[in-house]
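Residues in the sequence shown are numbered from 57 upward in steps of one, following our numbering. Worksheet for the structure shown next.
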Amino acid sequence: MDSDEALYERIRRGDMRAFDELYARYASRLYGFLFSILRSRADAEDVFHEAFMRALDARDVELRPGGFRAWLYRIGRNCALNVLRSRERGARAVASIPEVEPAVRADEKLEGKELDQALAGAVERLPPKLLELFHLRSSGMSYEEMAEVLETPLGTIKSRMNQMVTTLREEMKPWIAS
């Protein structure tokens, strides 16, 4: 049975069987250690793999006899502590986010989309003079400004606006709560 350090040297030379053997030696012990720190199976597994990859990517590492295990555990512990720090930063960031409105249910979203489509259809069916008023008013113009743009008396603008609202209200009756 090769030592951890001998297996590590074989891995560095490309021996994948040595990798499998070393990996199997530490799979449960290192994973258990990382789980005790992280208290998350998924995080412990991710950190376990990351620790192994970092160890394998290390260059110019001279390990004393029996030093591989401590070195690998130190890499794993540092990776785990990074995850914990990240969680804390994430928790602080989430805590600083103002609460948002509850998500719109799919049926409410569909109903809202249908309402938007119904209104768009009703607007498109307006006679040209009323449609023109609708767009001017939608852009934020006052009655006086619309009268000036259209070169139409203010009374006529008011009358047409009343006609437009009445027409839209009639078309949108199915959507208006009684």
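Every residue gets a Cβ at the ideal spot worked out from N, C-alpha and C, and that includes glycine. From a predicted model like this one, the values you see are computed outputs, not experimental measurements.
Limits of the alpha helix (DSSP H) - the one that residue i falls within
i	result
T208	Careful: T208 lies outside any alpha helix (DSSP H) and carries neither H nor E.
L78	72-94
V117	Run containing V117: none; DSSP gives neither H nor E here.
S198	First-last for S198: undefined, no H or E at that position.
D113	97-113
V184	According to the sequence shown, residue 184 is Pro rather than Val. Unbroken alpha helix (DSSP H) run through P184: 184-194.
D60	60-68
Cβ-Cβ distance between residue i and residue j below 8 Å
i	j	result
M8	L189	Outside the displayed range of the chain (57 to 234) lies residue 8, so it cannot be described from this structure.
L210	E226	no
L78	Y64	yes
M220	L175	no
G123	A107	no
L182	T223	yes
F89	Y129	yes
D66	A74	Looking at the sequence itself, residue 66 is Arg, so the reference to Asp does not match. Cβ distance < 8 Å, so R66 and A74 count as in contact.
R125	D76	no
K185	R216	yes
Cβ neighbours of residue i in the same chain (closer than 7 Å, five flanking residues each side left out)
i	result
V139	L94, D99, V103
R69	none
A136	L90, I93, L94, V103
M194	Note that residue 194 is Ser in the sequence shown, not Met. Cβ within range, chain order: n/a, list empty.
Cβ shell of residue i (< 8 Å), same chain only, five flanking positions each side left out
i	result
W16	Look at the range of the chain in this structure, 57 to 234, and you will see that residue 16 is not part of it.
P230	A174
V179	L187, F190, L224
N134	none
K214	Y199
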